[in-house]
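S.K.: First residue of the sequence shown? That's 186 in our numbering, and the numbers climb one at a time after it.
Yeah, the Cβ is synthetic: ideal placement off N, Cα and C, and Gly gets one too.
Can you keep this structure in mind? I'll have questions shortly.
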Amino acid sequence: MIPSQMLKGTLEGCILAIISKSETYGYEISRQLEEYGFGNIAEGTIYPLLLRLEKNGMVTAVYRQSELGPKRKYYSLTAKGRTELGQFAGNYRELSAAVERLFYDVESK
Numbered sequence: 186m187i188p189s190q191m192l193k194g195t196l197e198g199c200i201l202a203i204i205s206k207s208e209t210y211g212y213e214i215s216r217q218l219e220e221y222g223f224g225n226i227a228e229g230t231i232y233p234l235l236l237r238l239e240k241n242g243m244v245t246a247v248y249r250q251s252e253l254g255p256k257r258k259y260y261s262l263t264a265k266g267r268t269e270l271g272q273f274a275g276n277y278r279e280l281s282a283a284v285e286r287l288f289y290d291v292e293s294k
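This is the structure:
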C-alpha cells in the first residue's frame, strides 16, 4: 500500500490523467486508481480534489442521469487541464528519474 503522504503530491495529476482518457465520474475515478495499484482511495479524498480542479478551471462537470440510480456528476478535462497534465507528467518523470538515479547509486555501493 502506498502511504498517503506520498500520494498527496501526485493524486491530482493522476486524476487529471484518468479524466483525460474519457469523461468519467468520482466513483469510477476511485475504481480506476485502485486498478492501477493506488489502493483504495476514499471518495472523501477524491471529491475535494475534483472540486478544486473544477474551481481552478482544469475540469468541467455536468450532471447526467445514471442507468443505475441518481444523476452522476461527470468530469471532462479543459484545455487548461490538458496543459496542467502535460506539466505534471514532465515534472513527475523528472522527479522519478532523479529518485531512480539516487537509489541506483545507493544500491550499487
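Rounded to whole angstroms, what's the CA-CA distance from Gly194 to Leu234? Just pull it up for me.
M.R.: Numbered from its first residue, the sequence shown carries residue 194 at position 9. Numbered from its first residue, the sequence shown carries residue 234 at position 49. Whole-angstrom Cα-Cα distance: 11 Å.
S.K.: Mind checking which residues open and close the beta strand (DSSP E) that includes Ala283?
M.R.: In the sequence shown, residue 283 corresponds to position 98, counting from 1. No beta strand (DSSP E) holds Ala283; the alpha helix (DSSP H) holding it covers 264–292.
S.K.: By how many angstroms is the C-alpha of Leu201 removed from the C-alpha of Glu220?
M.R.: For this step, residue 220 is matched to residue 35 along the sequence shown. For this step, residue 201 is matched to residue 16 along the sequence shown. If I take the Cα positions, the gap works out to 16 Å.
S.K.: Tell me, to the nearest whole angstrom, how far the beta carbon of Ile214 is from that of Ile231; I am working on the premise that it is less than 8 Å.
M.R.: In the sequence shown, counting from the first residue as 1, residue 214 sits at position 29. In the sequence shown, counting from the first residue as 1, residue 231 sits at position 46. About 6 Å; that satisfies the 8 Å criterion.
S.K.: What runs of the beta strand (DSSP E), each 3 residues or longer, lie entirely inside the region 203–256?
M.R.: Taking only runs of at least 3 residues, the beta strand (DSSP E) segments lying wholly in the region 203–256 are 244–251.
S.K.: Leaving out five residues before and five after Val247 in sequence, what residues of the same chain have Cβ atoms less than 6 Å from its Cβ?
M.R.: Within the sequence shown, the letter at position 62 stands for residue 247. Taken in chain order, the residues that qualify are Tyr259.
S.K.: Considering only the alpha carbon of each residue, which of Arg257, Ala227, Ala274, Gly266 lies closest to Arg237?
M.R.: Numbered from 1 along the sequence shown, position 52 holds the residue referred to as residue 237. For the residues Arg257, Ala227, Ala274, Gly266, the minimum Cα distance to Arg237 belongs to Gly266.
S.K.: DSSP has Lys258 in a bridge; who is on the other side?
M.R.: Locating residue 258 in the sequence shown gives position 73, counting from the first residue. The partner list for Lys258 (beta bridge, DSSP) reads Tyr248.
S.K.: Thinking Thr268 and Thr245 are a contact (beta carbons under 8 Å), I'd like their distance in whole angstroms, please.
M.R.: Here residue 268 corresponds to residue number 83 of the sequence shown, with the count starting at 1. Here residue 245 corresponds to residue number 60 of the sequence shown, with the count starting at 1. With a Cβ gap of about 15 Å, Thr268 and Thr245 do not count as contacting.
S.K.: Would DSSP call Ile187 helix, strand or coil?
M.R.: Taking the first residue of the sequence shown as 1, we reach residue 187 at position 2. Looking at Ile187 - three-state DSSP - the assignment turns out to be coil, as it is neither helix nor strand.
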